[in-house]
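The structure appears right after this line, and notes come after that.
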Amino acid sequence: MAKGEGSEQYSNASLLNKPDNSDGIKLSSKKENRNRLSVCNKICYAVGGAPYQITGCALGFFLQIYLLDVAQLDPFQASIILFAGRAWDAVTDPTVGFLVSRSPWTRFGRMLPWILFSTPLAVISYFLIWYVPPFENGKVIWYLVFYCIFQSLQTCFHVPYSALTMFISSEQKERDSATAYRMTVEVLGTVVGTAIQGQIVGMANAPCLPGPGDILANLSNYSLLAGHNSSEPVISLDQTKTAYMISSGIISIIYVLCAIVLFCGVKEQKDSCRPRSEPMGFFQGIRLVMGHGPYVKLIMVFLFTSLAFMLLEGNFALFCSSTLGFRNDFQNILLVIMLSATLAIPFWQWFLTRFGKKTAVYVGTLAVVPFMILVVCVKSNLIVTYIVSFAAGVGVAAAFLLPWSMLPDVVDDFQVQNPDSTGHEALFYSFYVFFTKFASGVSLGVSTLSLDFAGYISRGCTQPEAVHVTLKVLVSAAPIVLILIGLTILYFYPITEEKRQGNRKLLQELRDNEADSETESTELANMI
35 MAKGEGSEQY
45 SNASLLNKPD
55 NSDGIKLSSK
65 KENRNRLSVC
75 NKICYAVGGA
85 PYQITGCALG
95 FFLQIYLLDV
105 AQLDPFQASI
115 ILFAGRAWDA
125 VTDPTVGFLV
135 SRSPWTRFGR
145 MLPWILFSTP
155 LAVISYFLIW
165 YVPPFENGKV
175 IWYLVFYCIF
185 QSLQTCFHVP
195 YSALTMFISS
205 EQKERDSATA
215 YRMTVEVLGT
225 VVGTAIQGQI
235 VGMANAPCLP
245 GPGDILANLS
255 NYSLLAGHNS
265 SEPVISLDQT
275 KTAYMISSGI
285 ISIIYVLCAI
295 VLFCGVKEQK
305 DSCRPRSEPM
315 GFFQGIRLVM
325 GHGPYVKLIM
335 VFLFTSLAFM
345 LLEGNFALFC
355 SSTLGFRNDF
365 QNILLVIMLS
375 ATLAIPFWQW
385 FLTRFGKKTA
395 VYVGTLAVVP
405 FMILVVCVKS
415 NLIVTYIVSF
425 AAGVGVAAAF
435 LLPWSMLPDV
445 VDDFQVQNPD
455 STGHEALFYS
465 FYVFFTKFAS
475 GVSLGVSTLS
485 LDFAGYISRG
495 CTQPEAVHVT
505 LKVLVSAAPI
515 VLILIGLTIL
525 YFYPITEEKR
535 QGNRKLLQEL
545 RDNEADSETE
555 STELANMI
């Protein structure tokens with residue numbers, strides 16, 4: 035509301051009655067203090083990101099090998115489950131984002147109730163994914179149903195949680211700091227997920243099954259016949275199934291605890307974002323969001339780079355166990371990657387603040403490419419594989435941290451260009467989450483189907499040469515091509531550091547003007 039003559043007279047009279055503007059200074063200080071987040075707030079917010087990464091890491095690294103070697107589905111059936119489960123998010127992510135954006139404020143906020151009520155059913159469905167039902171004919175339906183249910187409920191958790199970034203503070207510096215805390219905890223979550231799932235399952239890894247020609251072919255290389263040493267106890271398939279259930283139960287408990295910490299330790303600030311505009315229809319909202327050029331470019335970059343790392347993640351366990359021959363060590367190799375990524379997060383946070391986010395994405399994403407090449411070129415050597423894995427984790431950290439740190443800048447840019455259309459943060463984050471899951475679904479579905487065509491043998495001690503070639507392509511050549519495509523698109527991404535700072539100042543001016551208008555309206559109402 036523009037200042038009118040009456041309001042100016044009232045403002046001047048008020049100034050005459052007050053010797054100074056100390057009340058205004060106090061209000062400004064209170065507002066700054068309210069926008070400033072404590073370390074405890076940031077940690078509680080960051081803990082909320084762990085469930086998505088812990089479960090996502092366990093599913094990404096182990097679901098494929100679980101369906102093939104434990105549930106003993108053929109690769110074609112497994113590819114249907116993996117792809118269809120993720121494709122279901124094509125409906126759930128935008129839909130949940132739309133519903134969240136229209137959710138009313140409650141005394142707990144607008145995002146936190148979604149997180150609270152989705153958690154119990156999500157952990158139940160997650161646990162049942164890792165349970166092998168006592169029947170054969172309906173296994174595909176069992177896994178497909180519970181996988182889709184879990185994806186839907188996890189969407190109800192993660193989309194509001196992602197959008198919560200815009201509601202914890204109106205200060206971009208505070209949001210970036212909270213995002214750094216969040217990414218550190220999320221990468222730590224991948225370590226936890228890898229450690230729990232990998233170490234428990236690794237201790238109960240059922241032996242491979244030698245084919246007709248394996249016994250004669252491996253007489254001179256006895257190490258390939260894992261689990262067939264008479265001096266070692268033979269682990270049954272039932273014990274492996276139990277190990278998967280134990281690990282999923284522990285992860286489910288952690289999921290619930292993290293949700294409780296988030297709900298109790300974070301408070302949404304209703305005034306951290308500008309007031310919402312009039313509600314709009316679902317497809318109208320999609321057109322509005324997808325019509326913002328910088329956002330489209332960013333999600334295309336995120337789609338291709340995510341697809342690259344999802345291909346690496348989804349097939350690395352099989353690559354280590356089948357092609358490199360480290361059947362009993364692959365879980366430790368995965369753990370080394372995630373530990374390295376966790377240690378590298380502070381470095382990348384410093385790098386992006388020093389050189390800018392766009393430069394950091396280029397450097398960080400390209401850093402993993404040499405190690406993708408080395409891991410398939412170097413002959414099978416466990417020590418070399420550990421070294422390469424540790425170095426690759428540095429690039430993985432950049433892939434986790436940097437794209438997410440750019441999304442609040444796009445939302446701010448949208449609000450600057452569309453000042454009369456606000457309250458769509460959840461839609462922006464829902465499509466971002468959707469492309470993450472879509473990339474995972476495509477990567478797992480395509481890779482598992484490729485292994486089917488190559489002739490993959492479930493629990494086989496040796497695999498056909500075509501399987502080894504396919505796995506090398508899936509963990510090296512294909513991800514590198516996708517990374518290069520994504521970085522090419524990033525070249526045209528228009529939000530520079532200068533524009534980001536300018537948008538932040540413009541948004542702050544808009545918020546201040548709206549606050550002044552509301553204050554004047556209240557004063558005039560009191561006069562009347």
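Numbers in my numbering are just positions in the sequence shown, counted from 1, shifted up by 34. For glycine and all other residues, C-beta sits at the position ideal for the given N, C-alpha and C. Quick caveat: nothing in here was measured; it's all calculated off a predicted structure.
Taking 4 residues as the minimum length, the alpha helix (DSSP H) runs contained wholly in the stretch 67-145 are 73-81, 84-103, 109-121, 123-135, in order along the chain. When the beta-carbon positions are compared, Val323 and Phe132 stay at least 8 Å from each other. Between Ala84 and Val219 a beta carbon distance of about 6 Å is seen, short of the 8 Å cut, so the two are scored as contacting. Segment contact: the stretch 369-376 against the stretch 217-232, three or more CB-CB distances shorter than 8 Å; contact assigned. The alpha carbon of Ser203 has as its nearest neighbour, out of Gly427, Leu478, Gln303, the alpha carbon of Gln303. Judged by DSSP secondary structure, Val515 falls within the alpha helix (DSSP H) whose first and last residues are 512-524. Residue state for Gly325 is assigned as coil, using DSSP reduced to three classes. About 5 Å separates the CB atoms of Leu540 and Val450; that is less than 8 Å, so the two are in contact. In the DSSP assignment, Arg388 falls within the unbroken alpha helix (DSSP H) covering 364-389.
Within the model, the alpha-carbon separation for Gln542 versus Ala118 is close to 43 Å. Secondary structure note for Phe191: its alpha helix (DSSP H) is the uninterrupted segment 173-197. With respect to the C-alpha of Ser484, the residue from Leu505, Pro498, Phe472 having the closest C-alpha is Leu505. In its chain, beyond the 5 residues on either side, Asp443 have a beta carbon closer than 6 Å to the beta carbon of Arg534. Residues of the same chain with a CB within less than 7 Å of the CB of Ile234, apart from the 5 flanking positions on each side, are Ala277, Ile280, Ser281 in chain order. Beyond the five residues adjoining it in sequence on each side, Tyr490 comes within less than 6 Å, by CB distance, of Pro109, Val501 in the same chain, given in chain order. The straight-line gap separating the alpha-carbon atoms of Gln273 and Ile333 is approximately 42 Å. Of the residues assessed, Gln98 falls on the buried side of the cut-off, its CB having 16 or more other CB atoms within 10 angstroms. Ala351 sits away from Leu369, with the two beta carbons spaced by 8 Å or more. Measuring C-alpha to C-alpha distances from Asp446 to each of Ser135, Ile77, Ile529, Leu508 identifies Ile529 as the nearest. By the criterion of a C-beta distance shorter than 6 Å, Leu358 is surrounded in its chain by Ser414, once the five residues flanking it on both sides are discounted.
In the structure shown, Gly398 adopts helical secondary structure according to DSSP, grouped into three states. Counting along the chain, Glu499 sits inside the alpha helix (DSSP H) bounded by residues 499-506.
Counting along the chain, Gly299 sits inside the alpha helix (DSSP H) bounded by residues 271-299. Three or more pairs of CB atoms, one per stretch, sit closer than 8 Å, so the stretch 181-194 contacts the stretch 153-172.
Here Pro168 is exposed, its C-beta having fewer than 16 other C-beta atoms within 10 Å. Excluding its 5 nearest sequence neighbours in each direction, Pro147 has C-beta neighbours in its own chain below 7 Å: Thr140, listed in chain order. Taking a cut-off of 8 Å for Cβ pairs, the stretch 208-218 and the stretch 416-424 do not touch, as fewer than three such pairs fall below it.
Where Leu408 is concerned, the enclosing alpha helix (DSSP H) starts and stops at 403-411.
Between Gly227 and Ala92, the C-beta spacing is below 8 Å. Distance check between Trp382 and each of Gly429, Glu347, Ser356 places Gly429 closest, using alpha-carbon atoms only. By the beta-carbon neighbour count (other beta carbons within 10 angstroms, threshold 16), Ser72 is exposed. Between Ser356 and Gln497, the C-beta spacing is below 8 Å. Its chain contains no residue whose beta carbon lies nearer than 6 Å to that of Thr387 once the 5 sequence neighbours on both sides are disregarded.
Residue state for Gln231 is assigned as helix, using DSSP reduced to three classes. Beyond the five residues adjoining it in sequence on each side, Val104 comes within less than 8 Å, by CB distance, of Val166, Ala240, Leu271, Thr274, Lys275, Tyr278 in the same chain, given in chain order.
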